[in-house]
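Trainee:
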Ligand code: PLP
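Put into C-alpha cells, the structure is as follows:
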C-alpha cells in the first residue's frame with residue numbers, strides 16, 4: 003500500500019525533523035524562560051537571539067526590527083494597528099494624511115478583515131478600497147496610481163497563496179515613490195521561495211508564518227522597517243523589547259530557527275532551479291492526465307511550488323475526491339475557505355470564467371519536496387487521469403439524497419449506528435456475512451486502488467442508493483451493512499436511510515476513511 007502524497011503545502015506543511023528536534027530541545031534541556039537572568043534563562047535567550055539574527059540575514063532586515071509572534075494573522079494585525087495609530091496621530095497633529103486604506107483584491111482575508119476591524123475600533127472612518135488585479139493576478143498599477151494621492155496605507159502580498167501569482171513589488175514601490183504612504187507586504191508565501199532583501203525596499207511591514215515553511219503552527223514573525231511606526235498589540239511583561247508581550251513560544255521559535263538555519267545553510271531545501279524542474283514534471287503529468295487542463299496563473303509568473311488549474315467538465319470537488327481517494331491531498335483554494343462552498347474570491351477577482359473558478363484545484367508542494375515524491379506524485383496523477391477517463395462525473399451529479407435522512411439527522415447520535423475502528427473490527431469478526439458498502443462516487447472508489455489499496459467492499463454511490471435500496475434491504479436476511487465514505491458524512495446518511503426503512507443492522511464508519519480507514523479490509 004502506498005503512502006499519502008501531501009500536496010497542500012500552501013495551507014500548511016509538515017514540520018521539518020530538525021525543527022521537531024529543536025522544539026523538543028527547547029522544551030527539555032533548554033526549557034528556561036528567556037526573561038530569567040539565571041543560566042537557564044540566558045540559554046533560552048541566546049536561542050531567540052540566534053534565530054532573530056538568522057531571520058534578519060535571510061530576509062535582509064538591515065536595521066529593521068523582527069518581532070516574534072504567533073503567526074501571520076497576528077503580524078498583519080500588528081501592522082494594521084500600527085499604521086492606523088500612526089495615521090490617527092498625524093490627524094491629531096493636524097498633519098496631512100490620506101483617507102484610503104488600499105488592499106489587493108486577492109489578499110488573505112486577514113488583511114481586509116483587520117483593516118475593517120481596526121478602522122472601526124479606532125473610529126477612524128477611513129475608506130477601504132480594493133485594488134483590482136488583472137487576469138494573471140497582478141495588481142493594477144494604473145488604478146493604484148489614481149488611489150495613491152489619497153492613500154494612507156497600502157497592503158499587498160508578495161505572492162498569492164491560492165494561485166502562486168508573484169506580485170510586481172518593484173512596480174508597486176515605484177508608484178508609491180515620493181509619498182508618505184505606509185506599505186505592508188504579506189510575505190507568508192514568499193519565504194524560502196523568493197529572494198527577499200527587505201531593508202533595500204520601502205516596505206514598512208512584512209508578516210511571516212512558521213507553519214507555511216516546515217515550522218509548527220503558532221509561531222511567526224513581523225518585520226518592521228527601521229523608523230516605521232509600531233504599536234504593540236500585546237502589552238504586559240515587556241517581552242520582545244516591549245513590542246510583543248507574553249512569554250515567548252520558545253518551542254516554536256526554536257523550531258522556526260531550525261528551518262531558517264536550514265535555509266541559510268542551503269542544504270535541506272531544493273534550489274529554485276530544481277523546484278521549477280519538479281513543477282514542470284508535475285505540469286506534464288497533469289496535462290497527460292487531464293486533456294484540456296488550463297493553468298490559472300501563467301507559470302512564468304508563479305511561485306515554483308504552486309499550481310492552480312481547472313479541468314473542463316470536472317468540478318474541483320470531483321478532482322479533490324478523486325485525488326484524495328488515490329492518496330493525493332490537494333485543495334480547491336485556501337484552507338480557510340475549504341469548508342465553505344463558495345467560489346474563490348481570488349479567482350473571481352482575476353475575472354476568470356465561472357467554470358474555471360468552480361473547477362479550480364490548487365496543488366502546492368514545498369522546497370523540501372524530493373525527487374522520489376515528485377516521481378510518485380506524477381505517476382499517481384497519470385493513473386488518476388486514467389480513472390477519470392473511465393468514470394466521468396455523471397452529468398449533474400448531485401450529492402442530494404432522496405431518502406429523508408437530513409444532515410442533522412445523520413449527525414444525531416443514533417444508538418450504535420456510528421462505528422469507530424475498533425467497533426468495526428469487532429463487528430467484522432462476529433459477522434462473516436457483513437456487507438461493506440462504499441458510498442463514495444465510482445471514481446473515488448476506483449481511485450482507492452491507486453493509493454491506499456482497493457477496499458473489499460461493493461460500491462453504491464450515495465445518489466444511487468435509492469435504486470439499490472430494495473436489494474440492500476433483502477440482503478442476506480438481516481446481515482449487518484456498514485457504509486463508509488471519505489469523512490463519514492455520506493455514510494451516516496446512508497445508514498440512517500436503511501434504518502428508516504427498517505433495516506436495524508445498518509451502521510457507518512464514523513470519521514470515514516480519513517480517520518479510521520485502516521480498519522477497512524482490503525481486497526486480497
Ligand atoms: N497570509 C497568507 C498569504 C497566508 O497564506 C496565510 C495562511 O493561511 C496567512 C496570511 C495567515 O497565516 P497564519 O496561519 O500564520 O495566521
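Residue numbers (our numbering): 3 to 526. Just so you know, even glycine gets a beta-carbon here, dropped at the ideal spot from N, CA and C. Keep in mind that this is a model prediction, so the values were computed, not measured.
For ligand 1, any of its heavy atoms closer than 7 Å to the Cβ of residue 222?
Mentor: Correct: residue 222 has its Cβ closer than 7 Å to ligand 1.
Trainee: Could you check if residue 207 is buried or exposed, using at least 16 other CB atoms within 10 Å of its CB as the buried criterion?
Mentor: Residue 207 is buried by the Cβ-count criterion.
Trainee: Alpha carbon to alpha carbon, how far is residue 129 from residue 184?
Mentor: The straight-line gap from Cα to Cα measures roughly 15 Å.
Trainee: Note down the Cα distance separating residue 168 from residue 108, rounded to an integer number of angstroms.
Mentor: For residue 168 and residue 108, the distance between alpha carbons rounds to 12 Å.
Trainee: Start and end of the alpha helix (DSSP H) containing residue 384?
Mentor: Where residue 384 is concerned, the enclosing alpha helix (DSSP H) stretches over 373 to 392.
Trainee: So residue 445 and residue 390 are in contact, right, with Cβ under 8 Å, and what is the actual spacing, rounded?
Mentor: Rounded, the Cβ-Cβ distance is 6 Å, consistent with contact.
Trainee: Return helix, strand or coil for residue 420, following the three-state DSSP convention.
Mentor: It is a strand residue.
Trainee: Buried or exposed: where does residue 33 fall if 16 or more other Cβ atoms within 10 Å of its Cβ makes it buried?
Mentor: The residue in question, residue 33, is exposed, as its Cβ has fewer than 16 Cβ neighbours within 10 Å.
Trainee: Beta strand (DSSP E) containing residue 364: first to last residue?
Mentor: Taken as a continuous stretch (DSSP letters only), the beta strand (DSSP E) holding residue 364 covers 362 to 366.
Trainee: With burial defined as no fewer than 16 other Cβ atoms inside 10 Å of the residue's Cβ, what is the status of residue 122: buried or exposed?
Mentor: Exposed, because fewer than 16 other Cβ atoms sit within 10 Å of the Cβ of residue 122.
Trainee: Alpha carbon to alpha carbon, what distance is there between residue 63 and residue 231?
Mentor: In a straight line, the C-alpha of residue 231 is about 16 Å away from that of residue 63.
Trainee: Measure from the alpha carbon of residue 11 to the alpha carbon of each residue in 506, 193, 433, then state which is nearest.
Mentor: With distances taken between Cα atoms, residue 11 lies closest to 193.
Trainee: Rounded to whole angstroms, what's the CA-CA distance from residue 95 to residue 198? Just pull it up for me.
Mentor: Going by the C-alpha atoms only, they are around 35 Å apart.
Trainee: Which class does residue 241 belong to by DSSP, given the choice of helix, strand or coil?
Mentor: Three-state result, residue 241: coil.
Trainee: According to DSSP, simplified to helix, strand and coil, what is residue 299?
Mentor: If DSSP states are grouped into helix, strand and coil, residue 299 belongs with coil.
Trainee: Is residue 10 near ligand 1, judged by its Cβ being under 7 Å from some heavy atom?
Mentor: Incorrect: residue 10 has no Cβ contact closer than 7 Å to ligand 1.
Trainee: Go through its chain and collect everything with a Cβ distance to residue 150's Cβ below 7 Å, but skip five positions before and after it.
Mentor: Correct list, in chain order: 177, 178, 181, 183.
Trainee: Alpha carbon to alpha carbon, how far is residue 25 from residue 166?
Mentor: About 30 Å.
Trainee: Going by CA-CA distance only, name the one from 384, 325, 352, 152 that's closest to residue 290.
Mentor: Nearest of 384, 325, 352, 152 to residue 290, Cα basis: 384.
Trainee: Would you decide whether residue 110 is buried or exposed? Buried here means 16 or more other CB atoms lie within 10 Å of its CB.
Mentor: With 16 or more other Cβ atoms within 10 Å, it is buried.
Trainee: Quick one: does the C-beta of residue 80 sit closer than 7 Å to a heavy atom of ligand 1?
Mentor: Every heavy atom of ligand 1 is 7 Å or more from the Cβ of residue 80, so no.
Trainee: Could you please give me the residues that DSSP links to residue 533 through a beta bridge?
Mentor: The question about residue 533 has no answer, for the chain in this structure spans 3 to 526.
Trainee: Report yes if the C-beta of residue 214 is less than 7 Å from at least one heavy atom of ligand 1; otherwise report no.
Mentor: Checking the Cβ of residue 214 against ligand 1 gives yes.
Trainee: Under the three-state reduction of DSSP, which class applies to residue 75: helix, strand or coil?
Mentor: DSSP places residue 75 in helix when its eight states are reduced to three.
Trainee: Which residue wins for smallest C-alpha separation from residue 423, given the options 484, 464, 263, 452?
Mentor: Ranking the options by Cα distance to residue 423, first place goes to 484.
Trainee: Going by beta carbon distance, what residues of the same chain come within less than 8 Å of residue 402, once the five residues before and after it are set aside?
Mentor: Confidence at residue 402 is low in this model, with a pLDDT of 45, below 50, so the placement of that residue is unreliable and no value is reported for it.
Trainee: Please return the same chain residues whose Cβ sits closer than 8 Å to the Cβ of residue 345, not counting the five positions on each side in sequence.
Mentor: If we look at residue 345 and ignore the five residues flanking it on each side, its Cβ neighbours are 356, 359, 360.
Trainee: Please indicate yes or no: does the CB of residue 159 lie closer than 7 Å to some heavy atom of ligand 1?
Mentor: Yes, since a heavy atom of ligand 1 falls inside the 7 Å radius drawn around the Cβ of residue 159.
Trainee: Let me check one thing: in DSSP terms, what residues is residue 106 bridge-paired to?
Mentor: In the DSSP output, where bridge partners are listed per residue, residue 106 has 133.
Trainee: Would you check whether ligand 1 has a heavy atom nearer than 7 Å to the C-beta of residue 163?
Mentor: Within the cutoff, so yes.
Trainee: Quick one: Cα of residue 373 to Cα of residue 280, how far?
Mentor: Straight-line Cα distance between these residues: approximately 8 Å.
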